[in-house]
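In our numbering, the protein residues as written are 98 to 226.
To keep things clear, I will list the structure first and then write my remarks on it.
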């Protein structure tokens with residue numbers, strides 16, 4: 098069964114970066130068992146994330162911002178580490194958000210956002226979720 102093995106343990110590194118989203122550092126590893134990928138992923142302690150890179154357009158942020166932090170940190174790491182394809186990384190985001198109890202409509206919006214906006218520089222170097 099897909100699930101996070103532990104809770105997200107982070108510390109704010111800077112609150113003035115990433116268009117106000119801030120940068121957060123994992124203080125301990127984040128382990129996720131993925132059925133869809135058939136793998137267990139471990140985001141290492143020390144990895145930095147901005148969680149979901151949702152544009153600060155009011156409606157978009159209200160609908161999907163500040164949610165699915167565990168899934169977003171995992172997704173940022175998958176975009177950095179390239180252990181799976183971009184499509185699989187996005188599918189794992191969707192699966193992990195569901196496993197975390199995020200409502201299905203919000204999960205779909207997160208997934209659609211990364212499928213539309215996650216290519217280019219995000220996949221090729223800058224993490225986004």
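Quick reminder that beta carbons are idealized off the backbone N, C-alpha and C, glycines included.
Query                                                                               : Result
Residue 124 vs residue 147 beta-carbon contact at 7 Å                               : no
Contact between the stretch 166-184 and the stretch 135-147 (3+ Cβ pairs under 8 Å) : yes
CB contact flag (residue 204, residue 183, <7 Å)                                    : no
For residue 196, the nearest candidate out of 120, 168, 111 (CA to CA)              : 168
Straight-line gap, residue 154 to residue 211 (C-alpha atoms, nearest Å)            : Reliability fails at residue 154, whose pLDDT of 44 lies under 50, so the model's placement of it is uncertain and the value that follows must be treated cautiously. C-alpha separation (whole angstroms): 16 Å.
Residue 142 in three-state terms, based on DSSP                                     : coil
Enclosing alpha helix (DSSP H) for residue 169 [first to last residue]              : 166-178
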